[in-house]
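I have placed the structure first, in the form of structure tokens, so that the comments after it can refer back to it.
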């Protein structure tokens, strides 16, 4: 198993805190940072509704209203996921060979974005309630990413 680096430990704690500050998800608060190879921030994201839409925490979330389990299908999720936001709002040239740090396991949709983004390392918090992790982990490994459990 790949070891977590000291600066990554600090970032995991930071994204956990920032998720509680910025996320508007009614189920789980995620935040994500993309670090360039020089360890500078290349991007930041959190899970929440698109600008101008009602927030999940205000009752606009179909997944929450239907009491869907963590890690299940996200087709009815109105939130942009933290990883997607961090990649969307980062400079592609800065993230090449970089590290993505998130305070939970990525979903398969985000895993596809991560695998295509140019980052080489993913640091994540494990969640044993996330039922799809084995599938996501296999996909990310096959894509050649280094996975680090925080």
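Residue numbers (this note's numbering): 2 to 151.
Yeah, the Cβ is synthetic: ideal placement off N, Cα and C, and Gly gets one too.
If distances are taken between C-alpha atoms only, which option among the options comes closest to residue i?
| i | options | result |
| --- | --- | --- |
| residue 55 | 80, 97, 113, 120 | 80 |
| residue 60 | 30, 34, 25, 43 | 25 |
| residue 39 | 120, 150, 125 | 120 |
| residue 145 | 130, 134, 117 | 117 |
| residue 112 | 21, 14, 142 | 142 |
| residue 100 | 151, 124, 140, 7 | 124 |
| residue 95 | 37, 63, 74 | 37 |
| residue 108 | 75, 126, 98 | 75 |
| residue 69 | 21, 8, 18, 29 | 29 |
Under a three-way DSSP split, which group does residue i fall into?
| i | result |
| --- | --- |
| residue 33 | strand |
| residue 75 | coil |
| residue 66 | helix |
| residue 9 | helix |
| residue 1 | The requested residue 1 does not occur in the structure, where the chain is confined to residues 2 to 151. |
| residue 94 | helix |
| residue 135 | helix |
| residue 20 | helix |
| residue 52 | coil |
| residue 57 | helix |
Per DSSP, which residues does residue i bridge with? Please list them.
| i | result |
| --- | --- |
| residue 122 | 100, 147 |
| residue 47 | 32 |
| residue 42 | 36 |
State the start and end residues of the unbroken beta strand (DSSP E) segment that holds residue i.
| i | result |
| --- | --- |
| residue 1 | Within the shown structure, residues of the chain are numbered from 2 to 151, placing residue 1 beyond reach of any answer. |
If I'm right that residue i touches residue j with Cβ under 8 Å, what's the distance once you round it to whole angstroms?
| i | j | result |
| --- | --- | --- |
| residue 128 | residue 106 | 5 Å |
| residue 103 | residue 33 | 4 Å |
| residue 138 | residue 114 | Actually they are not in contact, since the Cβ atoms of residue 138 and residue 114 sit about 16 Å apart, beyond 8 Å. |
| residue 90 | residue 46 | 6 Å |
| residue 27 | residue 58 | 5 Å |
Kindly say whether residue i, judged by its beta-carbon, lies nearer than 9 Å to any beta-carbon of chain B.
| i | result |
| --- | --- |
| residue 34 | The chain inventory of the structure shown lacks chain B, comprising one protein chain alone. |
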